[in-house]
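Enquirer: Those protein sequences? They're chains Y, S and G, same order as listed. Following this note's numbering, the numbering of the first sequence begins with 1 at its first residue and continues without gaps. Following this note's numbering, the numbering of the second sequence begins with 650 at its first residue and continues without gaps. Following this note's numbering, the numbering of the third sequence begins with 951 at its first residue and continues without gaps. Each residue gets a CB set at the ideal place from its N, CA and C atoms; glycine is no exception. The following block contains the structure, expressed as structure tokens.
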Amino acid sequence: MNDKPTTCGFCSCGCALYVEPRKSGLGISGLCPSTTHPVSTGRLCIKGWNATTSLIRVDRLQTPLVRKGNELQPASWEEALSVTADVLKRVISTSGSEAVGVIGSAKTTNEECYSLVKFARAVLRTPNIDGACRFYDASLIPALIDTIGIPASQIGVEQLAEAGSMLIAGANVMEQLAHIGSRIQDAVENGCKVVAVDPRKSRLAPQAGLFLHPKPGSDLTWVRALLKTILDRKLYVDAAPQMPGFEELRASLDDVVIGVLPQVCGIEPEAVVEAATILAENEPCVVMFGLGVLQQQDSTILVKALANVALLLGGYVMPLRGQNNAQGACDMGVLKDYLPGYEPISSVETRAKWESAWQCAINPQAGLSAIEMVQGGVKALLVFGENVALSAPNTEQTISALEKLDFLAVSDLYLTETAQLADVVFPACSFLEKDGTFTNIGRRVQRVRRVIDPIGESKSDLEVIVGLASAFGKEMATDPSAVMKEIAATVPLYANFSYEQFETGWGEPWRASTPTPRLAPIHATDLPPEEPDYPYQLLASRINFHTQTGTMSARCGILTREYPESVVEINPSDAEKLKLRPGRVVRVSSKTGSLTRRLAVSDAVPQGCVHVPHYFGGDSANMLAGYECDSISGVPVYKGLPVKIEAVS
Amino acid sequence: MSTEVQAPTLTGAKPRNMWGVTGVPTGNLYVPMPAVIEKIIVETPDTKTFRLRLEDPKHAEWFTWEPGQFVEVSVFGAGEAPIGFASSPLERSWFELTVVNRGKVTGLMHELKEGDRVGIRGPLGNCWPLEDIKGKDILIISGGCGLAPLRPAILYILANREDYGEFWLLYGARTPADINYKYDLVEWEKRNDFHVLQTVDVGDESWTGNVGVVTTLLDQVKLDAANAVALTCGPPIMIKFATLALVKMGFSEDRVVTSLERYMKCGVGKCGHCCVNHVYLCTEGPVFTYAQLQEFPETRA
Amino acid sequence: MNVGDKLILKKNNVSDFFYSLQEQMQLIAPKQRFAGDVVFDLVNSPDEIVWEYGHDIYPPGKRYLFPHYEDMFSYRQGEQIAIDVAADVPRQAIVGIRSCDVTAVRFQERFFSSPIVDPFYKTRSDNTVLFSLVCNEPPKKDCFCICCDAGPYLESGFDVQLTDLGDRFLYEIGSEKGLDVSEPREKYLEASTEQDIAERKRIELHADSLFQTASYIAKAIIYITSDEVPDEVWEELGSTCFRCAACTNLCPICTCYTVDDRPEPDGSFTRCRSWDSCQYAGFTREASGHNPRPTFGSRVKRRFYHKASFQYIMRDGRHGCVGCGRCVSSCLTKLDLPSVVKRIRRAMHDYIEPISKPTAFLE
Ligand SMILES: Cc1cc2nc3c(=O)[nH]c(=O)nc-3n(C[C@H](O)[C@H](O)[C@H](O)COP(=O)(O)OP(=O)(O)OC[C@H]3O[C@@H](n4cnc5c(N)ncnc54)[C@H](O)[C@@H]3O)c2cc1C
Ligand code: SF4
Ligand code: SF4
Ligand code: SF4
Ligand code: FES
């Protein structure tokens, strides 16, 4: 067994586990959780227990691949890197650096994310660098910076059990983030009162003192009503009226009519009053929200509204982000509009600082978002560790746009759907095979350690980035600890971290200097128009057993066995109305696309809704989504989409 | 032939041979015996019968089995699946397995050709109590691919016809295309010492026989329930309704015998997949009387 | 020297004793890991052994006799080559293993050898000697071996049992295997005195008094055996399960496994077995899609039927829990054995809240 633990790379909880490599050949012979680590405390979820085996397999990419004629063929690293660098140089010289785009991932290490940003901005000089979080949860960044002051959770996983009350909106947390779910149960045992809000009766139900089931898409209406109730009944903490923005918030809520709640949201006004009282009376309150909130029309405003609830009640905000390094990737600036540490690209001083740090001129232009890039906004695209063909919306069009690119290079563990479209594929190694750090959901920066040797000729994304940079004649640090030194020197949030420190303990959460909270005004927005041809609304949720597009988890025997096929769920009464029997193959279609699956019925799904698990190998809810996005953050709308459902003969 | 099996089997029917209990010809419980596919018969669109011969003569000599027992088939590259014997136990040089294509192992097996090799561990499990029920009237009820594990029993009884009384077979399939062993059924229907009734859930143009679930055929059966034994195998729901109907007809609970199917991996009572309450179906079953099943709360649902 | 002898191993001889043992077999013992974690592992030098530790989350007896992932044999398409596992099973001494885990090893040995002998388990267990270490100070949380007749010290079952008496260990020989490793090391051992035995007695009483967790399982066994616990109670219990399977993975009693054929880089396949769990829905789902244990409740019920029913006690010779407390510390919710036993009894109305509240997890 390895002497030192590593950090699990399957979700943002960030457990510490020890891995025992197999004596000879690929694989492991065992693993166990750390008992002293503040998150794992001797426990792991089903993914931690099983999914590592999915990373260590012979069908992992063994060598770089380069497209020759119509086929991807094995190639040497030198060839793959030089082909890529040559094409990029040519595109930049003929069409400018804006014609090149880079998409990073929320699964790679902080050191890789930082180096990728540096490579894109300082070597390629392109403004087009963005992260996979654009497809998931980027809307929380501007919203939380404008309210609580930091685009991250205010508390750690280990503090959740002390919460007095919780507001949990649009998050399938029990299935998605088991350790958070576990702490919610602990909190409830300690007397915490949970107000859960989800159109679907999720597995949170046994913990929920109050469970509201609003109609999909009506969230802003009930949150505004909740805010109004807190203000009108003076349930806020004494300090709230002094907070900047208090009066503007009050004024923005003037037009709230509590009476419309039953009609718009399907919620009784008394329930909102009860929720407000529970949250105000049981301190401290923690406001949590997940993709149900983050992938809506107007998600930025909705996040601000929820953050207001926490601020008014003197509570804390914890966004429920799924991917293991979602936090770190954003901290490192894998974002189109920020440099590392959330320093806005639009600011002259910020640019000056980074220009001197990186010894280069930074393109001041606002870059394209990941979604704009995959729609064909660039000529050449580099994708690191994200299966964009499936995780971007509008699957069909996205794939054809990727096919039309002049050049696509992909770094991934497997020959994913995206990699199959690429001109160059770099075999990346998994988190088990490299050193680095991840930042967990509670901002804890933790060490990832190489516990097995890289498979085949695979290399870490850091090595790929450094290799590309050197093909451009630029030296970048190859050693993760040296990269961390550079990060600590340039990103104030990470100023305290060094690899020496990680050798003695479990790391610690990064701290922002002194965020000044402010309340944001929450104006009403228009409700989406009714679509008589598409009478049902889509609910997409995560399931415990698969993460993201299933590239990793669908390769694990136990996980696929638990959830062998993805189904479409509707309420039994709708099934009766549609004369559809469970087991029947049905087609769910939206204005954009359609998907075909077997039907199941469940009381947990409200009438008028169709539930499809999110991101499930190849044929996911993304097929149905168009390119409509939240106007502020550019996160696509996956939730509450109008759809119809019919039998396939 | 080896000595009697010592492992506890609940029906009282003790097979003479059981992998691991009466020894292991390969030296290791988990290492299969290689076998060659001699012939493949396509039964229905998703079902094929494979005729297999053990490659090693020493293995073949050791290998005796009884109707109701099963083997773990290794399809190399995919894994193992439990499959019941489907041919006559009197044929010593080869045996047949009828396999429905349902997933990884069975799917890959369907791609194999004559001359290809598979691995065999078995015989596993207990058997139909054919010795104990000599002299009795026999009623066999089976649905879909549930006929496969009963076929050795049928062939054995037909070969020893004088040892048994009245002999009835009720067989239900989903559609006419799903009927297994059509070539056997034609022959069996010609016999006057064997009453064969067939039905399908959904008929087609060519089908002139009964339509309806298999239990509807019970009205046509004429035998003395007090002196009869029923052997059943098929989908759980069919077994459930058949058993209820049989008990109503006057069959006592220890005269209704069924073969259960559970997810199985090891076949030797170790992996735990096949447990029903405290009973390991792979070594103590899969054949049980209805009376015995009453003792396992987990089968009541 | 005889089985049953109670000898003394002076602490200043411990190192030499185990160096000499190491010449014969590899030593597995508790080792200091990162940030205070203690996990059993192969030790390079006996001086690495941590003699004072509470409990290891990763059950050493199970892990070294029935590993989480175990290669069974490998083959190539067409012909197959059986791999002789015995060749790659080293002789090993598990040193410092706790009483509960020794009891669990004996449980698994019995299970894996009757009525059919599992060759992989047998080879490993034949090659393993257990040096158990009495819990002078049972960890105050979680474990309850004292209610399960499995600790904190043993009357039998160990090969050698060590009790820390300050500057020396009481060294008890419990089996022929224990005798075999002791005789050649006679020079490190000496006779014990009455005072040593009295000291040991005092430690026993002290250790017994420290338990804060109690599990009165007998009543639950009666309810489970007779299938009296209503399904609604099981479903309510199951409603919070996360399906992680830690409760069975880390349980030193649980034996369930699954089998996979894994492709290797050289084109061959390895048939590998790995721990499986009745807490997974896929554990029993059949090819037809039918699942005989379709709900969380039915699966929790299954686990407790195996842990605490008279039917299994008859099969296994004891109930399926040694009170190691690993399910207590590893379950993401509260479906560990003592909690479920308590909740069953509460549901059946015979649970009386203790008057003075124990501080442990019971409350
Ligand atoms: C005693 C016994 C006798 C059987 N006899 C026959 C027979 O004569 N003919 C026949 O066609 N089938 C028979 N079966 C069923 C057959 O074993 C399964 O169809 C087969 O194991 C499916 O394996 P697979 O790898 O093809 O499917 P997979 O791809 O592994 O899985 C498909 C589905 O089957 C389930 N499954 C996987 N492995 C098993 C397993 N070992 N046992 C049960 N379910 C499993 C999975 O959970 C999944 O839902 C028998 C089963 C038993 C227990
Ligand atoms: S049931 Fe729990 S306490 Fe008992 S032996 Fe298993 S893990 Fe230990
Ligand atoms: S409790 Fe479950 S996992 Fe443990 S041995 Fe029994 S059936 Fe197997
Ligand atoms: S450890 Fe707890 S949460 Fe995990 S499967 Fe067992 S009972 Fe369920
Ligand atoms: S199939 Fe493994 S125990 Fe029965």
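Look at threonine 126 of chain Y and serine 105 of chain Y and say whether their C-beta atoms are less than 7 Å apart.
Expert: no
Enquirer: To the nearest angstrom, how far is the alpha carbon of alanine 117 of chain Y from that of aspartate 630 of chain Y?
Expert: According to the sequence provided, residue 117 of chain Y is valine. The question's alanine does not apply to it. Near 24 Å, if we compare the C-alpha coordinates of aspartate 630 of chain Y and valine 117 of chain Y.
Enquirer: What does valine 1209 of chain G reach in chain S if we use C-beta pairs closer than 9 Å?
Expert: What valine 1209 of chain G touches in chain S: Tyr679, Gly728, Glu729, Lys914, Cys915, Cys920.
Enquirer: Just jot down, in chain order, the residues whose CB lies closer than 7 Å to any heavy atom of ligand 5.
Expert: S:Met913, S:Lys914, S:Cys915, S:Gly916, S:Val917, S:Gly918, S:Lys919, S:Cys920, S:Gly921, S:His922, S:Cys923, S:Cys924, S:Tyr929, S:Leu930, S:Cys931, S:Thr932
Enquirer: What does the Cβ neighbour count give for lysine 688 of chain S, buried or exposed, with the cut at 16 atoms within 10 Å?
Expert: exposed
Enquirer: Counting only beta-carbon separations shorter than 7 Å, does isoleucine 899 of chain G have a partner in chain Y?
Expert: Because chain G spans 951 through 1313 in this model, residue 899 of chain G falls outside it and cannot be assessed.
Enquirer: Determine contact between the region 1057-1066 of chain G and the region 1018-1027 of chain G, defined as no fewer than three beta-carbon pairs at a distance below 8 Å.
Expert: No, because fewer than three Cβ pairs between the region 1057-1066 of chain G and the region 1018-1027 of chain G fall closer than 8 Å, the two stretches do not touch.
Enquirer: Taking Cβ-Cβ distances shorter than 8 Å, what residues in chain Y pair up with serine 1279 of chain G?
Expert: Thr35, Thr41, Gly42, Arg43
Enquirer: Would tyrosine 832 of chain S be called buried (16 or more neighbouring beta carbons within 10 Å of its own) or exposed?
Expert: exposed
Enquirer: Please state whether the Cβ-Cβ distance between glycine 333 of chain Y and valine 286 of chain Y is less than 7 Å.
Expert: Against a cut-off of 7 Å, the Cβ pair of valine 286 of chain Y and glycine 333 of chain Y comes out as no contact.
Enquirer: CB leucine 335 of chain Y to CB asparagine 128 of chain Y, shorter than 7 Å?
Expert: The answer is no: Cβ separation not under 7 Å.
Enquirer: Take glutamine 375 of chain Y and list the residues in its own chain whose beta-carbon comes closer than 8 Å to its own, dropping the five residues that flank it on each side.
Expert: Gln397, Thr398, Ala401, Tyr627
Enquirer: Would you check if the region 726-738 of chain S and the region 1210-1221 of chain G touch, i.e. whether three or more CB-CB distances between them fall below 8 Å?
Expert: These segments touch.
Enquirer: Let me check one thing: in DSSP terms, what residues is proline 738 of chain S bridge-paired to?
Expert: Partner(s): none; proline 738 of chain S has no beta bridge.
Enquirer: Is there a C-beta anywhere in chain Y that falls below 7 Å from the one on alanine 1231 of chain G?
Expert: True, the Cβ-Cβ gap to chain Y drops below 7 Å.
Enquirer: Is there at least one non-hydrogen atom of ligand 4 closer than 6 Å to the beta-carbon of cysteine 11 of chain Y?
Expert: no
Enquirer: I need the boundaries of the beta strand (DSSP E) containing tryptophan 817 of chain S, first residue and last residue.
Expert: 816-822
Enquirer: How many whole angstroms separate the CB atoms of glycine 752 of chain S and alanine 1157 of chain G, which I take to be in contact at a CB cut-off of 8 Å?
Expert: Glycine 752 of chain S to alanine 1157 of chain G, Cβ: 52 Å. No contact.
Enquirer: Taking the CB atoms as reference points, tell me whether valine 684 of chain Y and serine 139 of chain Y lie closer together than 7 Å.
Expert: Residue 684 of chain Y is absent from the model: chain Y starts at 1 and stops at 649.
Enquirer: Excluding sequence positions up to five away, which residues of its chain have a Cβ less than 7 Å from the Cβ of tyrosine 1019 of chain G?
Expert: Cys1222, Ser1224
Enquirer: Any beta carbon from chain S within less than 7 Å of aspartate 1117 of chain G's own beta carbon?
Expert: No, aspartate 1117 of chain G does not count as interfacial toward chain S.
Enquirer: Would you mind telling me which residues of chain S sit closer than 9 Å to histidine 1018 of chain G, beta carbon to beta carbon, in chain order?
Expert: In chain order: nothing, as chain S lies at least about 14 Å away.
Enquirer: Assuming proline 1010 of chain G contacts isoleucine 958 of chain G under a Cβ cut-off of 8 Å, what Cβ separation, rounded to an integer in Å, is found between them?
Expert: That pair is no contact at about 25 Å.
Enquirer: Compare the C-beta of phenylalanine 1081 of chain G with all C-beta atoms of chain Y and state if any pair is closer than 7 Å.
Expert: no
Enquirer: Any beta-carbon of chain G closer than 7 Å to the one on arginine 751 of chain S?
Expert: yes
Enquirer: Please tell me whether, using a cut-off of 6 Å, the distance from the CB of cysteine 1228 of chain G to the nearest non-hydrogen atom of ligand 3 is below it.
Expert: yes
Enquirer: Exposed or buried, leucine 444 of chain Y, counting other C-beta atoms within 10 Å across all chains shown (16 or more means buried)?
Expert: Strictly speaking, residue 444 of chain Y in this sequence is arginine, with leucine absent from that position. Buried.
Enquirer: My assumption, with CB atoms under 8 Å, is that glycine 292 of chain Y sits in contact with glycine 170 of chain Y. Please give the rounded CB distance.
Expert: 2 Å
Enquirer: If you follow the alpha helix (DSSP H) that glutamate 71 of chain Y is part of, which residue opens it and which one closes it?
Expert: Run containing glutamate 71 of chain Y: none in the alpha helix (DSSP H); it sits in the beta strand (DSSP E), 71-74.
Enquirer: Determine the DSSP secondary structure at tyrosine 338 of chain Y, reduced to helix, strand or coil.
Expert: strand
Enquirer: Contact criterion: CB-CB distance below 7 Å. Does arginine 1265 of chain G meet it with respect to chain S?
Expert: By this cut-off, arginine 1265 of chain G is an interface position.
Enquirer: Quick test of the definition: if touching needs 3 or more C-beta pairs under 8 Å, does the region 486-501 of chain Y touch the region 407-418 of chain Y?
Expert: no
Enquirer: What I want to know is whether the C-beta of leucine 1282 of chain G ends up closer than 6 Å to one or more non-hydrogen atoms of ligand 7.
Expert: Absence of ligand 7 from the depicted structure is noted, with ligand 1, ligand 2, ligand 3, ligand 4 and ligand 5 being the only ligands included.
Enquirer: Please name the residues in the region 1191-1218 of chain G whose beta-carbon is closer than 7 Å to at least one beta-carbon of chain S, in chain order.
Expert: Thr1205, Cys1206, Tyr1207, Thr1208, Val1209, Asp1210, Asp1211
Enquirer: For cysteine 931 of chain S, count the other beta carbons within 10 Å of its own beta carbon; 16 or more makes it buried, fewer makes it exposed. Which is it?
Expert: Counting Cβ neighbours within 10 Å, cysteine 931 of chain S comes out buried, since at least 16 surround it.
Enquirer: In the DSSP assignment, what residue or residues form a beta bridge with aspartate 412 of chain Y?
Expert: Y:Pro427
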